[in-house]
Amino acid sequence: MEAVKLGEPLPEILKACRKVYFIGIGGAGMSSLARVMKHLGYAVSGSDCSRTKVTEQLASEGMTVYYSQSGPNFGDEDLIIYSSAIQPHHPELSAARHQGKNVLHRAQVLSALLNQAQTAIAVTGTHGKTTTTSMLSYVLTALGSEPTCLVGGMVKNFGTNTLLGNRNLWISEVDESDRTHELYYPHYAVVTNLEEEHMDHYSNFDSLKQSFVKFFGNLHNPGMLIYCADDALVSQLVKQSKKPAVSYGFSETADFSVRDVEENGFMTSFDVYEYGFFCGRFSISIPGRHNVLNSLAVIALLVQLGVDVEKIRAVIGGFQGAGRRLDIKWKSRDLIIVDDYAHHPTEIRASLQALRSMGRPLTVVFQPHRFSRTQRMYREFANALDEIDELILTDIYAAGEAYDDKVNVRSIYEEMVQSGRLHVKVLLKEKITGYLLEHPQRQGVVAFIGAGDIGDTADEFAVRYQSLLTA
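In terms of this note's numbering, the sequence shown has 311 at position 325, counting the first letter as 1, and numbering is strictly consecutive.
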C-alpha cells in the first residue's frame, strides 16, 4: 500500500476489514495504534513475546492478547499489522503471507488514518519526540480540545500512550528510524533535531538527510514546519525544502527564543520571546535545558494554531512528563530514584545535565542498547558518561539484534579506565539492586539509563529501598 495523501479516501483494505491482528501488540507504537483501531470499531487482537503491563492493559480494554508467537494465533482476521521490530521471517508474519492475508506495516495504517484529519500534526526528529508529543497532547487537552494522540511512550498525566479524541485533530509521533516518516502528509510538522543514527535503514547519512527533505515536501499546502534553529543541519534542510517554517531555540535569531533559564530541582523556568518581543515567563515541572527546547517547540506550534500565549503559559506547568523520561520512581530528602530512556550519547548528556543541576551526588546505572550502536559509539558513550560520581555498566540490551560475542560493555569500561576515569564498574543486571542497597548514596540521585529493560531494575530498586525504610 502506498502512502495515502491528505484528502484521499481510506484504502479499500481498511474500509473492508473488520478484524485486525497485531504482531507485537505490546510495543509502544503498536499498542497505541491498536487502541485507536478498537476505538474506530475494529475487533482487535494480537500477540507478544511476553506479558507486560501494557499487554495486560490492552486485555483489560477488551483486546485478545496471545503470548506465543511460534505459529499463527489468528484465524479469520482481515488484516495483519506488523512493525519494523518484527523480523521478515517471523513465524506469524510468514504464516500470514503464506495464507494470503492482507499484511500492512504499522506506519502504512497510521499514516492512512492521520492523513484523513482536518488538522494533522506530526512530531519527528532524532531526540525529544516523545516528550514533545506528550506535552503538546497534554496542553491541547488542558485547553479544552479533544485531540486524538498517539505517543511513543506513556503520557504520565493520562496514564496511557493514546488519547481517543476528535478525529479532525490528530497528533502523532512519527518514526524516522525506519524511514516510515516519509508516508505522512501532515499540516504541521515539528522537527526537534537530526543526527546520524539508524544507519541500518539508510545507505548513508546523505540518504537520511534527503529522507527528511522528502518528508518536508509532503507538508500540506498551506502548512508549517516548526524546527529547532539551534540544529544547523535541520535549519539547512528546512531552508532547502522552501516550505513555510517557524524556528525556535536558544539562539536569539530564532523566531521563538528563550532566555534566563533557571533550574531548581525538577522545576525549570524561562523567558519566552516571539520575534524579539517578550511573551512571558514560563515554568515547567520537568528538568533539563533539552526540555526547555521541547516546551518551546510546543509553544511555537500552538501559536501557529491560534492559541493565546497566556493560555499556554497557564497550563503548561501541569505537564508531568512522559514515562521513562527522567521519570521519578522515588523521591525523598535522602534519595531520588530516576528511570530514563536515553540511549544515545546526545540524549545521555542532556539527561545528565538535568540531573547534575540538582546539586546532589549522582550514581548512574547504564545499560547500552543494541550491539551495533555500542560498537560504533563506545567512545562517545564513555565521554557522555563522564562527570558523575559513580557509574555502573551492565550488559548490552540486544533489542532484537543477534548476539555478538565480540561486542560488550567492557569497551566503554576500558575506554574510561584508560583515560583515568576510575568511577566506573561493571555488574550483572541481577546484582545491581543488591549492590546499591549495600552502598547507599546519601542525599543523592540514582539514575537508571537505557532504552532496554533497565527500567525493571529501577522499579525493583525503588520497591526494595522503600521496603527497607518501612521494615
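Note that beta-carbon positions come from the ideal geometry of N, C-alpha and C, so glycine has one too.
Check                                                                                                                           : Outcome
Local Cβ density within 10 Å of L(-8), reported as buried at 16 or more and exposed below that                                  : Reliability of the predicted coordinates at L(-8) is poor, the pLDDT of 47 falling under 50, and the value obtained from them is presented with this limitation in mind. Classification of L(-8): buried, given that the 10 Å Cβ count is 16 or more.
Host beta strand (DSSP E) of H91 (start-end)                                                                                    : 88 to 91
Residues that DSSP places opposite R245 in a beta bridge                                                                        : D257
Residues bridged to K411 [DSSP beta-bridge criterion]                                                                           : I378
Same chain only: Cβ atoms within 7 Å of E401, ignoring 5 sequence neighbours per side                                           : Y364, R365, A368
Inter-residue Cα distance where the pair is E42 and E333                                                                        : 30 Å
Buried versus exposed call for I298 [16 or more other C-beta atoms within 10 Å across all chains shown]                         : buried
Contact set for K1: own chain, Cβ-Cβ below 7 Å, skip 5 residues either direction                                                : none
Residues sharing a beta bridge with S131, DSSP                                                                                  : For S131, which the question treats as bridged, DSSP gives no partner whatsoever.
Expected contact under 8 Å - CB spacing of V395 and V410 to nearest Å                                                           : V395 to V410, Cβ: 10 Å. No contact.
The stretch 161 to 169 contacting the stretch 320 to 338, beta-carbon criterion three pairs below 8 Å                           : no
Sub-8 Å separation of N59 and S18 beta-carbons                                                                                  : no
Whether A286 touches V220 by CB criterion (8 Å)                                                                                 : no
Inter-residue spacing [alpha-carbon to alpha-carbon] between G438 and G304                                                      : 28 Å
Bridge-paired residues (DSSP) for E159                                                                                          : V109
Minimum C-alpha distance to A300 - residue among H329, G266, L65, L291                                                          : G266
Residue of K392, D372, D164, H329 minimising C-alpha distance to P354                                                           : H329
C-alpha gap between M(-13) and L90, whole angstroms                                                                             : A caution first: M(-13) carries a pLDDT of 43, below 50, which makes its placement in the model too unreliable to give a value.
Anticipated Cβ contact below 8 Å, A448 with I323, distance rounded                                                              : 5 Å
Validate contact between the stretch 139 to 158 and the stretch 99 to 106 using beta carbons, cut 8 Å, 3 pairs                  : yes
Backbone secondary structure at G12 - three-state DSSP                                                                          : coil
Short Cβ contact (8 Å threshold) for V351 with F434                                                                             : yes
Reduced DSSP secondary structure (H/G/I, E/B, other) of A240                                                                    : coil
V199 burial status per 10 Å Cβ neighbour count (16 or more: buried)                                                             : exposed
Length-filtered (3 minimum) beta strand (DSSP E) runs lying within the stretch 37 to 92                                         : 50 to 52, 65 to 68, 88 to 91
Supposed close pair F431, L348 - CB separation, criterion 8 Å                                                                   : It is worth fixing the name first, because residue 431 is Val in this sequence and not Phe. With a Cβ gap of about 5 Å, V431 and L348 count as contacting.
C-beta contact flag for Q461 and M344 at 8 Å                                                                                    : Because the chain spans -13 through 457 in this model, residue 461 falls outside it and cannot be assessed.
Beta-carbon proximity list for E63, same chain, < 6 Å, skipping 5 on both sides                                                 : K5, Y7
Straight-line Cα distance separating E446 from S453                                                                             : 11 Å
Inter-stretch contact (C-beta, 8 Å, three-pair minimum) for the stretch 139 to 150 and the stretch 74 to 83                     : no
C-alpha gap between Q73 and E183, whole angstroms                                                                               : 20 Å
Y171, DSSP secondary structure in three states                                                                                  : coil
Three-state class that DSSP yields for L(-8) in the structure shown                                                             : Low local confidence applies: a pLDDT of 47 at L(-8) is under 50, so the model's placement there is unreliable, and no value is given.
C-beta contact flag for A82 and M49 at 8 Å                                                                                      : no
Nearest to S69 (by Cα), restricted to the options N101, G13, Y28                                                                : G13
Contacts around K315, its chain only, beta-carbon distance under 6 Å, and the 5 residues preceding and following it disregarded : I323, D325, A444, A448
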